[in-house]
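Take a look at the structure below.
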């Protein structure tokens, strides 16, 4: 967690306590990795963090999941479990992981998440203003909190989005690791590129590589030829690679809780002049972003520069709604590089930058890379060639 | 969709219109497979279905995702897109998929999801009572709908849960396919079982097999020996398989949108008498469920029978909070087989039944299978041996 930034954002919003409720926000505030919450987002887990004690949050979580806290200990001040779960205890247990679990699971707290949250909030100073992340809490619990505490409780997701915009060195390390996994999987998939392989077969090579790297596949858009015009192409078992096809990758994974979302384009055989020309244009648009991104520049200025550069470099009719977005615990963190976004870039922000182009009947070309804003500019976290890949 | 059941449930609740808002509920009502919504659940997609025209729902979705509707056409009466997305159009396009996409993406609807929803609800008869699935709609949109329409709009997630409890033949086919994928991946993982393999290595074999079957890994709990006591074991690169270890699988995937969640237990070498004895007890508990599950029996009666059978067969201190749950588009569909659940079983309900046992210092034993309720009893959808697997 970026504690300094969190304190500033909460102070600015005159909030004394923030309650994270999503899988990502609970992890951000506590380091707790939920199990059921990832599978079933209605599972209620809360990280209650006082602005003056951000490193001692209270974690409210179902006792049936708390072996996760024994395996991957979270940074918390206090654990408040709820519900029932039965594990037979040992008379004496020496293994540290098992002993931690035994301590946690010896409790039989009962009760519900809502009861636990209302009680924890009720124990706060009555003047405390609370920002409750409205994205992960159930509607019923949010209603109950508002009914009980009224205007003292405001929605909190936007505040946490603002905190999370600027990454810590550890977050940047993980985002770089995630990007490298995706680059490796693209390389493995391209090694399998040959006439007759289907999109679905190449996607399996890709996902297998991601898993071999210890990461979780998240989305795998691999599109051949004209299917590249479909932005979210579902890899098809019927569409097989032909000479001259472009291969558009738009792929993402999770590595150590952090997302990656990058793109590359390749061609089997000699690229048609239109493919080469359009690729050069979008690459020029991306390159322009690398030149202009630095602290103080506004996201909308980056957008304007990228679209203009792409138009000037060979796609005069180029239009986009955004040309990039923050990346972190979510694949779309703030800010978005889009018209109207006045957010100035800050050192430590990490973006996926992209200038995709889709044309029905032609296909698509895309390049997307991960960059971190530095004190004086920006730095690519991806390492592979950004040129159009030509497969002999 | 189980249309007959949906009509009955909505009539019973005196609801004229149901609005699905989660990835699963939108799919259930329309067949629409979202892209961004799966990755970013705050993406707003709505399926607005009138009880008297359930097969003609209105789909509200961001235009940037609507190539998904071109690729996998949904069953909808009308499409209402919102937002901006730019794709260069072709002068003439003959490929059916590309032509469908061109028709959809030619619109530039603008506006927001909230505006689209408020307008669509405003166009309904003013007497219409609306059930709005509160799980996928943002808090802000829910607040806006309630402010505008007041008590005419109620929360709808529980109604959709009730409809989805009883599966159609096509849903049962997909749930069976998902279970078979998991059984195949367990078999591949057990083929790799040898002294010295780590939990993490075996999990990679498992996930690779799942991907090779065209399915998406969802959760992969593979625990050796004492680590089996951790219900949600994160496969460890450090814990290596030793002779005499039990191997506990609790694994899930998604196949054609439907979930599976099954378990098996194996031992490398001769099982210790305690492992064999406890396994026989939990298998007896599961077997008892297969004997008692039939239409009209209440979920709590199944629970009582399973716990009692497990206790009598060799774990007198056996306790559980549930011994199974429905499975469908979510890994936990209703009903849950738990104390207090008065829900009677009905033909077409599909369950994951399980009697896991966890003991710190000992480990875990677990068996979990997929069963469908038939007219006269129940039928296993899994096919592999449910006995303790002994690996030579």
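Protein chains in written order, with the working numbering: chain C, 1076 to 1467; chain L, 1076 to 1467.
Cβ coordinates follow ideal geometry from the N, Cα and C atoms, glycine included.
Beta-carbon gap between residue 1402 of chain L and residue 1334 of chain L smaller than 8 angstroms:
When the beta-carbon positions are compared, residue 1402 of chain L and residue 1334 of chain L come within less than 8 angstroms of each other.
Own chain residues within Cβ distance below 6 angstroms of residue 1154 of chain L, not counting five before or after:
Closer than 6 angstroms at Cβ, skipping near neighbours: 1134.
When you compare only the Cα positions, how much space is there between residue 1438 of chain L and residue 1394 of chain L?
Answer to the nearest angstrom: the Cα atoms are 16 angstroms apart.
Using a C-beta cutoff of 8 angstroms, does residue 1277 of chain C count as contacting chain L?
Using beta-carbon distances, residue 1277 of chain C does not count as an interface residue toward chain L, since no partner is under 8 angstroms.
Using 8 angstroms as the Cβ pair cut-off and three pairs as the minimum, do the segment 1285-1304 of chain L and the segment 1323-1330 of chain L touch?
As far as the Cβ criterion goes, the segment 1285-1304 of chain L touches the segment 1323-1330 of chain L, which means the pair count is three or higher.
Ordered list of beta strand (DSSP E) runs contained in the segment 1398-1422 of chain L, each at least 3 residues:
DSSP runs (the beta strand (DSSP E)) wholly in the segment 1398-1422 of chain L: 1399-1401 and 1408-1411.
Tell me, please, whether the CB atom of residue 1354 of chain L is closer than 8 angstroms to any CB atom in chain C?
No, residue 1354 of chain L does not count as interfacial toward chain C.
Over the uninterrupted alpha helix (DSSP H) stretch that includes residue 1340 of chain L, give me the two end residues.
Per DSSP, residue 1340 of chain L belongs to no alpha helix (DSSP H); it is in the beta strand (DSSP E), 1333-1343.
For residue 1153 of chain C, which of helix, strand or coil comes out of DSSP?
Correct three-state label for residue 1153 of chain C: strand.
Using 10 angstroms around the beta-carbon of residue 1260 of chain C, count the other beta-carbons present and answer buried if the total reaches 16, otherwise exposed.
So residue 1260 of chain C ends up on the buried side.
Applying the criterion that 16 or more other CB atoms from any shown protein chain within 10 Å of the CB defines a buried residue, is residue 1210 of chain L buried or exposed?
Its Cβ being crowded by 16 or more others within 10 Å, residue 1210 of chain L is buried.
Can you tell me whether residue 1115 of chain C is buried or exposed? The criterion is at least 16 other CB atoms within 10 Å of its CB, across all chains shown.
Residue 1115 of chain C is exposed by the Cβ-count criterion.
Would you kindly report the start and end of the unbroken beta strand (DSSP E) that includes residue 1137 of chain L?
1133-1137 is the span of the beta strand (DSSP E), which, as asked, contains residue 1137 of chain L.
Could you pull out every unbroken alpha helix (DSSP H) segment of at least 4 residues lying fully inside the segment 1171-1218 of chain L, listed in chain order?
1171-1180 and 1188-1197, all fully within the segment 1171-1218 of chain L.
From which residue to which residue does the alpha helix (DSSP H) around residue 1024 of chain C run?
Outside the displayed range of chain C (1076 to 1467) lies residue 1024 of chain C, so it cannot be described from this structure.
Per DSSP, what are the beta-bridge partners of residue 1424 of chain L in this structure?
Secondary-structure assignment with DSSP links residue 1424 of chain L through a beta bridge to L/1241.
Residues within the segment 1423-1442 of chain C neighbouring chain L, beta-carbon criterion of under 8 angstroms
Residues 1432, 1433, 1434, 1435, 1436 and 1437.
Could you give the DSSP three-state label for residue 1292 of chain C: helix, strand or coil?
Residue state for residue 1292 of chain C is assigned as strand, using DSSP reduced to three classes.
Alpha-carbon to alpha-carbon, residue 1196 of chain C and residue 1238 of chain C:
Taking the straight line from one Cα to the other gives about 22 angstroms.
Which residues in chain L sit within 8 angstroms of residue 1286 of chain C, going by Cβ to Cβ distance?
Near residue 1286 of chain C (Cβ distances below 8 angstroms), the residues of chain L are 1279, 1282, 1283, 1286 and 1292.
The segment 1112-1136 of chain L: positions lying closer than 7 angstroms to chain C by Cβ
In summary, the residues of the segment 1112-1136 of chain L whose CB is separated from some CB of chain C by less than 7 angstroms are 1114, 1115, 1116 and 1117, in the order they occur in the chain.
Pull out every residue of the segment 1136-1153 of chain L whose Cβ sits closer than 8 angstroms to any Cβ of chain C, in chain order.
For the segment 1136-1153 of chain L, residues whose beta-carbon sits nearer than 8 angstroms to a beta-carbon of chain C comprise 1139, 1140, 1142, 1143, 1145, 1146 and 1147.
Cross-strand partners of residue 1433 of chain C (DSSP beta bridge)
Looking at the DSSP assignment, residue 1433 of chain C forms a beta bridge with C/1439.
Does DSSP put residue 1091 of chain C in a helix, a strand or coil?
Coil.
Bounding residues of the beta strand (DSSP E) (the contiguous stretch that carries residue 1323 of chain L):
1321-1330 is the extent of the beta strand (DSSP E) around residue 1323 of chain L.
Whose Cβ in chain C lies nearer than 8 angstroms to the Cβ of residue 1162 of chain L?
By Cβ distance, chain C contributes 1304, 1306, 1433, 1434 and 1435.
For residue 1123 of chain C and residue 1188 of chain C, the rounded distance between their alpha carbons:
Each residue's Cα considered, the two are about 13 angstroms apart.
In or out: residue 1346 of chain L buried (at least 16 other Cβ within 10 Å) or exposed?
So residue 1346 of chain L ends up on the buried side.
For residue 1392 of chain C, which residues in chain L fall below 8 angstroms Cβ to Cβ?
Near residue 1392 of chain C (Cβ distances below 8 angstroms), the residues of chain L are 1163.
Below 7 angstroms between beta carbons is the criterion; list the residues of the segment 1363-1397 of chain L that meet it against any residue of chain C, in chain order.
Answer set for the segment 1363-1397 of chain L: 1392, 1394, 1395 and 1396.
Mind pulling the chain L residues with CB within less than 7 angstroms of residue 1082 of chain C?
Those within 7 angstroms of residue 1082 of chain C in chain L number zero; the least Cβ separation is about 25 angstroms.
Near-chain C residues of the segment 1174-1208 of chain L (beta-carbon distance less than 9 angstroms), N- to C-terminal order
Per Cβ criterion, the list reads 1174, 1176, 1177 and 1180.
Going along chain C in order, which residues have a C-beta closer than 9 angstroms to the C-beta of residue 1214 of chain L?
Those within 9 angstroms of residue 1214 of chain L in chain C are 1209, 1210, 1212, 1214, 1217, 1230 and 1232.
Beta-carbon proximity list for residue 1278 of chain C, same chain, < 7 angstroms, skipping 5 on both sides:
Excluding five sequence positions before and after residue 1278 of chain C, the CB atoms of its chain that fall closer than 7 angstroms to its own CB belong to 1295, 1297 and 1310, given in chain order.
Strictly under 8 angstroms for the Cβ-Cβ distance: is residue 1407 of chain L near chain C by that measure?
Closer than 8 angstroms to the CB of residue 1407 of chain L there is at least one CB belonging to chain C.
What is the DSSP secondary structure of residue 1235 of chain C, reduced to helix, strand or coil?
Per DSSP, reduced to three states, the secondary structure at residue 1235 of chain C is helical.
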